[in-house]
Every structure is written in C-alpha cells, then in structure tokens.
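Here is the structure:
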C-alpha cells in the first residue's frame, strides 16, 4: 500500500467538495424558488457524502496519517489557541541571558478570570514566519525563557498551562554551543520544582526532548489527532532500516498516537477534536480544548502546593514498563 | 599445522592489541595496567561497567542492586527482543546500566555505571528505573550519587516510554537536591541526546573523560542543519568544557581521587 506524503492527498477531494458546495450555496441565493429546491437537495446530498467520507477517513487514520494531520499547516497553533482560550494574554520575551526565541511563546493570561501562565511552541504559517519561529524548534534561550516564566508563575501562585507542538529542539551548532541539552534538562527540573498546578497538552507534534522540555505536568493531555514520539519517525527509520522514507512503518512501530499513549497510561486523557480534525473547525477545537483544560485544572486548584509537587513526582516515578 | 598457526595467532592476540585511535600496537599487560588508556596517544578506550567499577571504587566494595528487574518489549517493536537477547548474552548483564552501592575511601556512595556495549547504552524503562533508584538511594541515605554515563540517547525501541525516562530521572535529581545529596555525573565516550538532555546535565558536578563525544544531536544531524564550518573538536569534552557545560576533564587514572575528594568536600547533609 502506498502511503500518503501529505494530509492534502486525502483531503483534496474534501477541499474540492467544499469549494463546489460554496458555489452551490452562492447560486442558491439568487436562484428561483424551483431551482433553489433542486440546488438545496444537491447540497444536502453532497454534504452527506462529504461527512461520510470524513467519518470513514478520520475514524481509521493510520499512525503515519496521524503524523501528517499533526503536522498539517491549517491546524491551529499555540497562539491561535491562546487567543481563543484566554483573555489579556501579555507575551513576555527573552531569557535575560542571551536572547529572545520566537519558537516558544509565553506569558500571563486569564482563563475565565483566573490568572495563569501559558506557554507553548509556536509554528509559522508562511515562509517568513516559519523562519522567524525556526519551525517551532526551540534553541536554549527558548527553554531558559520557559524556566524564567515557570519560576515567575511559582512566585505568584499562577497555574501553568503548556501547549506542546514541535518537531524537535533545534539541533544546530549554535544550540549545542549554548547548551541545548542542559537547557531542556533544566526546564524539566524547574517544572518538577514549582508548587503550582501544571497542565500540559500536546496539540500537534510532540517531538522528543524538545517536547518534554516543556511537557511535564500534573495532568498531561493530548488532542485526538496529535502525536508524541521519542524520535521523529523518519529518523527512526533512517537508523533502523537506513531508509528515511520508511516513516510510515516506523510510525506504526513507535506507537506514537494519542490513543497508544493513553493505552500505555503515559497521558491522562485525550481531548476530542471536531469532526474531520482541529483544522476543519478551529473554533470548535478551541472550545473543546478549553473545556478539557478547565476540567483538568479544577481539582488541581484545590490541592496544597506541596501536594502538587509530590503528585508530580509520583506521576513520573511510575512511568516505565519493566519485567 | 593449521591448529598451530591458530594457537600462535591466539597467543599474539593475548599479548598485543592495537589502539583504536592511533592504531599503534600495544602490549596488553601495559595497556591493562594503564586502565586501557593508550600510552602512545592517550586515547581512553571504552570500558564495560564491571571494569569501570573495579577501576573506580574501593576493592570489593561494590554490591549490585536492582538485579530483580529486566527489560520488556512492551511495544512488540521489530527485532527488539532479539537485540536484547544478543546484548544480554554479549555483556552478561540484563541491561546497559549496572547499579548498586559502593565505597570510596570507605565512604558509601550510590552508583550507576552505563555500558555502551549494551545497545549503545540507550535509556529505556529499565535504565531509567535503575538511574532513578540510584538517585533515590542517595537521597534517602543523604550520601553522594555517582553516575558514569555512556549512551547514544533514549532507546527508541520503547517509544514514548523511553522519552518519559528523561522526565523520571530528572525528577529524581530534584529529589537529591531537595535533601542535599550531592550528584556527580561522569561523562564518558559517548554521552548523547536523551541522556545528556535529562538527568546527566543537571548534576551538581559534571566531570568528563578526555575527548569523550558529548552532544544533543548526532554530529551528522548538526552538520546537516548548518551552513557554517564546524570546528574540528565539535562535541568533544574539550569543546563542551570551553562552552561552559562541564566542570572538569579528568584523566582516568585521576578519576578515583577526584571523585573521592569531591564526595568528601560536598559530603551530603548529615
């Protein structure tokens, strides 16, 4: 079976159908009563056909197809969700050591009046923005900014919410020379030290060390079509089979879907996405995300600071399968 | 006749070997007495866990722990079980980490030693558990923890479970910190990726053997991602020391004394 290279391969008929439907709707406005009736019936039939197609496709996505959906450009990114979920978000920048990293954004915001510290990886939508955001591959200064914000949140008793969406941490020479490994490790350490609730959500690509660097939580959730992996599937295939094009096979072997992560009890829940994926209805996706974050936060807000820290230790202490 | 040749060859191999770096022929006895450091070029050859323990800690003081647990192929990952079986029979160990209690000049220390010969010292659930238990033992007894790292990174055959070991082991470092148990990491060739980007990098003191490879991304990946010229010593202990991420480079013959001094000075909150 040939594997798709992009989500567009199976969404192309959908996009065409949507376009045709839009045209029909336009025509229906100016049509006579009799014509309109006919057009409306065509619309209804087409919509049914479309929904059936979506239902069939999205109920049976392969792990590789999930990778492609998680990477899809129209999928909502961190700032889309921040703007939809919170009010009064004020981005704070810089690590006060070296520089400002646009691959991770963060700052205080209000979630229905409750002050929180929100932070996440940010991808770009066009070439310029992608370059500025470095494809959401954070450098050490991104993780050190994160540490600064986590510690600030702790000082002011603000719950922390992180949104994970990165292919990996930046692997370049610059990042090595400024200690990318130390920055990731130190960021995880800071997340174990704070005594405020942390809810972490994988909203797209959970790419190995780069993801877990800001992905520690009292509660960790994944969106329905997101992925979380120890290594990019292409990289895994290149190492194992010396062929990076075997990403689909590696995706299946790595069990990187949200469903697999939940099965192995590595995450606490899956956040449903709108019919046909988050990119089909970003507003509905944001609503579902907000509900899930609030539900996760509610019991945590009642816990004592020391208990929150201890619970986080216990949560991670238990992870791993040994015989 | 053929048997005779073979026997002579065998005797030659017993008496001599070639340095993995400078290719010079060395006397095995001299090489072993020099802790497997090439007397010609100073190359520190990789050690297995058992030899490392012999070289480092008080003679006969090491007591292995965590021998009751083993790796499991939770994901039914292609070829993982056979690779595990091979590594187990090759090293005589159930995993790349040997952990336990030892003494340094009579003072107790919690130790874990990684063996690169076991699937590249990769960190899966078992390695993560052993590192965590080692750090917890140090925290409980308020004694120093010493971990010798040698790893290509997380073990991809255990998928996300391996990634979670980065978080788990880092949490255990936090536990040592909160009770004042010193944690000393020693980087040996190579210390990479998931191990470097977790517990190893947040040790109180980081020592390294000379010329050990230390880095986040495989050198090939870094080079691909870069247009500028890469320095010749990129990702070596010397390069990482210059950039401020390790404390000292310590030759193998001085490692025991340095560790024992550090343990005495940092001591641990009593």
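Chains as they are written, first to last, in the numbering used here: chain A, 1 to 323; chain B, 1001 to 1270.
For each residue, glycine too, the CB sits at the ideal point set by N, CA and C.
Cutting at 6 Å between CB atoms, please list the residues of its own chain near residue i, excluding the five before and the five after it.
i                       : result
residue 290 of chain A  : 85
residue 76 of chain A   : 278, 282 and 285
residue 269 of chain A  : 221
residue 1247 of chain B : 1205 and 1206
Chain A beta carbons: is any one of them nearer than 7 Å to that of residue i?
i                       : result
residue 1078 of chain B : yes
residue 1243 of chain B : yes
residue 1070 of chain B : yes
residue 1009 of chain B : no
residue 1179 of chain B : no
residue 1170 of chain B : yes
residue 1202 of chain B : yes
residue 1096 of chain B : no
residue 1197 of chain B : yes
residue 1042 of chain B : no
residue 1101 of chain B : no
residue 1332 of chain B : Limits of chain B in this structure are 1001 at one end and 1270 at the other, which puts residue 1332 of chain B out of reach.
residue 1216 of chain B : yes
With a cut-off of 8 Å on the beta carbons, I'd call residue i and residue j a contact; round off their distance for me.
i                       : j                       : result
residue 145 of chain A  : residue 106 of chain A  : 7 Å
residue 1187 of chain B : residue 1208 of chain B : 4 Å
residue 1132 of chain B : residue 1074 of chain B : That belief does not hold up - the Cβ atoms of residue 1132 of chain B and residue 1074 of chain B are roughly 18 Å apart, past 8 Å.
residue 1173 of chain B : residue 1135 of chain B : 6 Å
residue 1092 of chain B : residue 1122 of chain B : Their Cβ separation, rounded to whole angstroms, is 18 Å, which puts residue 1092 of chain B and residue 1122 of chain B out of contact at 8 Å.
residue 1214 of chain B : residue 1240 of chain B : 5 Å
residue 261 of chain A  : residue 1126 of chain B : Not quite, the Cβ-Cβ distance comes to about 20 Å (not below 8 Å), so this is no contact.
residue 1120 of chain B : residue 1064 of chain B : Actually they are not in contact, since the Cβ atoms of residue 1120 of chain B and residue 1064 of chain B sit about 22 Å apart, beyond 8 Å.
Hey, is residue i's beta-carbon within less than 7 Å of any beta-carbon in chain B?
i                      : result
residue 132 of chain A : no
residue 171 of chain A : yes
residue 247 of chain A : no
residue 137 of chain A : no
residue 222 of chain A : no
residue 266 of chain A : yes
residue 230 of chain A : yes
residue 316 of chain A : yes
residue 185 of chain A : yes
residue 161 of chain A : no
residue 181 of chain A : yes
residue 271 of chain A : no
residue 98 of chain A  : no
Keeping to the same chain, check which residues put their C-beta closer than 7 Å to that of residue i; ignore five residues upstream and five downstream.
i                       : result
residue 3 of chain A    : 64 and 248
residue 1216 of chain B : 1193, 1196 and 1197
residue 297 of chain A  : 159, 197 and 199
residue 57 of chain A   : 10
residue 74 of chain A   : 279
residue 81 of chain A   : 163, 203, 286 and 289
residue 79 of chain A   : 105 and 122
residue 1143 of chain B : 1108, 1109, 1110, 1181 and 1268
residue 179 of chain A  : 140
If you follow the beta strand (DSSP E) that residue i is in, where does it begin and where does it stop?
i                       : result
residue 1040 of chain B : From DSSP, residue 1040 of chain B is part of no beta strand (DSSP E); its letter is neither H nor E.
residue 269 of chain A  : 269-271
residue 1154 of chain B : From DSSP, residue 1154 of chain B is part of no beta strand (DSSP E); its letter is neither H nor E.
residue 121 of chain A  : 114-121
residue 1189 of chain B : 1183-1192
residue 1267 of chain B : Residue 1267 of chain B -> no beta strand (DSSP E), and no H or E assigned at all.
residue 1027 of chain B : 1025-1027
residue 215 of chain A  : It is not in any beta strand (DSSP E) - residue 215 of chain A carries neither H nor E in the DSSP assignment.
residue 1102 of chain B : 1097-1104
residue 166 of chain A  : 160-166
residue 1231 of chain B : Neither: residue 1231 of chain B is in no beta strand (DSSP E) and is coded neither H nor E.
residue 1018 of chain B : 1016-1018
residue 110 of chain A  : 104-111
State the start and end residues of the unbroken alpha helix (DSSP H) segment that holds residue i.
i                       : result
residue 287 of chain A  : 282-301
residue 1108 of chain B : From DSSP, residue 1108 of chain B is part of no alpha helix (DSSP H) but of the beta strand (DSSP E) over 1107-1114.
residue 187 of chain A  : 180-193
residue 39 of chain A   : 33-59
residue 142 of chain A  : 140-155
Looking only at its chain, what residues have a beta carbon closer than 8 Å to the beta carbon of residue i, apart from the 5 residues adjacent to it on each side?
i                       : result
residue 1163 of chain B : 1154 and 1194
residue 323 of chain A  : none
residue 238 of chain A  : 244
residue 1018 of chain B : 1024, 1025 and 1026
Applying a beta-carbon distance threshold of less than 7 Å, which residues of chain C neighbour residue i?
i                       : result
residue 1236 of chain B : Of the protein chains in this structure, namely A and B, none is chain C.
Mind checking whether the beta-carbon of residue i lies closer than 6 Å to any heavy atom of the ligand NAP?
i                       : result
residue 1051 of chain B : Questions concerning the ligand NAP fall outside what the structure shown contains, since it holds no ligand whatsoever.
Is it a yes or a no for the segment 113-130 of chain A touching the segment 81-98 of chain A, going by three-plus beta-carbon pairs under 8 Å? By the Cβ rule, the segment 113-130 of chain A counts as touching the segment 81-98 of chain A, because three or more pairs are nearer than 8 Å.
For the structure I just gave you, are there three or more beta carbon pairs, one from the segment 1136-1147 of chain B and one from the segment 1096-1115 of chain B, closer than 8 Å? Yes, since at least three Cβ pairs between the segment 1136-1147 of chain B and the segment 1096-1115 of chain B fall closer than 8 Å, the two stretches touch.
Stretch-stretch touch, CB-based, cutoff 8 Å, three pairs: the segment 1230-1241 of chain B with the segment 1065-1083 of chain B: As far as the Cβ criterion goes, the segment 1230-1241 of chain B does not touch the segment 1065-1083 of chain B, which means the pair count is below three.
Under 8 Å: do the segment 1245-1255 of chain B and the segment 1034-1048 of chain B share three or more Cβ pairs, one atom per stretch? With a cut-off of 8 Å, the segment 1034-1048 of chain B and the segment 1245-1255 of chain B count as touching, because enough Cβ pairs lie within range.
Inspect the CB distances between the segment 165-176 of chain A and the segment 187-195 of chain A and report whether three or more fall short of 8 Å. Taking 8 Å as the limit for Cβ pairs, the verdict is that the segment 187-195 of chain A does not touch the segment 165-176 of chain A.
With three or more C-beta pairs closer than 8 Å as the rule, is the segment 295-314 of chain A touching the segment 129-137 of chain A? A contact between stretches requires three or more CB pairs, one per stretch, nearer than 8 Å, and the segment 129-137 of chain A fails this requirement with the segment 295-314 of chain A.
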